[in-house]
Amino acid sequence: MQLAALTRGVALLAMAGLGCAHTQPPERQVHVISEDVGGVGANAGSGIGGAGIDSYCNELQKQCFDKCWRRKPEISSIKKHSGDHYKHCDGKCLKVFMQCTKEQEELERQESKRQELHFPTVDAALGWLKEHKTEVVIGTVVIVGGMVAAPYVIAIMGGALVLAPL
39 MQLAALTRGV
49 ALLAMAGLGC
59 AHTQPPERQV
69 HVISEDVGGV
79 GANAGSGIGG
89 AGIDSYCNEL
99 QKQCFDKCWR
109 RKPEISSIKK
119 HSGDHYKHCD
129 GKCLKVFMQC
139 TKEQEELERQ
149 ESKRQELHFP
159 TVDAALGWLK
169 EHKTEVVIGT
179 VVIVGGMVAA
189 PYVIAIMGGA
199 LVLAPL
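Residue numbers (the working numbering): 39 to 204.
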């Protein structure tokens with residue numbers, strides 16, 4: 039009889055220690071990092087991003103062409119400022135443009151792979167993100183307390199920079 043009472047007592051203590059099995063986990067909420075999204079990502083990396091890649095590489099191509107056109111062609115059979123000179127510079131600088139876009143796209147791919155931040159607590163994450171707003175990239179995954187199963191993401195909602203549950 040005492041063994042049964044002792045067993046019930048241990049079971050009761052074990053259940054009390056675990057808490058009620060039907061309680062909900064704490065709600066994961068959206069946290070405001072900043073009311074102003076100005077400057078977000080300004081120092082985020084070396085990639086140009088989106089349409090900026092074409093603009094940047096077009097400028098390099100234009101500079102290449104101007105430099106090539108001002109100089110005597112490397113090929114002695116081509117006369118300076120002739121149609122062949124134009125074709126030569128155009129082809130040479132198109133290669134510069136293509137190489138530039140390839141390099142910029144690779145930079146973008148590399149940056150997108152490493153955009154994950156880890157913090158011990160939500161408060162630590164918010165503190166760091168507020169201080170480093172110009173370095174954060176929209177869409178970065180934030181892992182809090184090692185809980186990969188419940189990540190957050192940096193996003194813009196209603197004009198504010200926020201940390202939102204995924």
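A virtual CB, placed ideally from N, CA and C, is assigned to each residue, including glycine.
Bear in mind that the values here come from a model prediction, so they are computed numbers and not experimental data.
Residue i (DSSP reduced to helix, strand or coil)
{"i": "SER1", "result": "Nothing about residue 1 can be read from this structure; the chain reaches only from 39 to 204."}
{"i": "HIS69", "result": "strand"}
{"i": "VAL200", "result": "strand"}
{"i": "ALA162", "result": "helix"}
{"i": "VAL179", "result": "strand"}
{"i": "GLU112", "result": "coil"}
Beta-carbon proximity of residue i to residue j, cut-off 9 Å
{"i": "TYR94", "j": "GLN142", "result": "yes"}
{"i": "SER72", "j": "LYS133", "result": "no"}
{"i": "ASP128", "j": "PHE103", "result": "yes"}
CB-CB length for residue i against residue j, believed under 8 Å
{"i": "VAL180", "j": "ILE194", "result": "In fact, because the Cβ distance is near 15 Å, the residues do not count as touching under 8 Å."}
{"i": "VAL78", "j": "LEU164", "result": "Not a contact, Cβ separation roughly 15 Å."}
Residue i, buried or exposed, once every other Cβ within 10 Å from all chains shown has been counted against 16
{"i": "ALA162", "result": "exposed"}
{"i": "GLY85", "result": "With a pLDDT of only 48 at GLY85, under the threshold of 50, the placement of this residue in the model should not be trusted, and no figure is reported."}
{"i": "LYS118", "result": "exposed"}
{"i": "LYS140", "result": "exposed"}
{"i": "LEU204", "result": "exposed"}
{"i": "VAL182", "result": "buried"}
{"i": "GLY196", "result": "exposed"}
{"i": "GLN137", "result": "exposed"}
{"i": "ILE210", "result": "The displayed coordinates of the chain run from 39 to 204. Any statement about residue 210 would go beyond what the structure contains."}
Endpoints, beta strand (DSSP E) assigned at residue i
{"i": "GLU154", "result": "154-157"}
{"i": "ALA193", "result": "190-195"}
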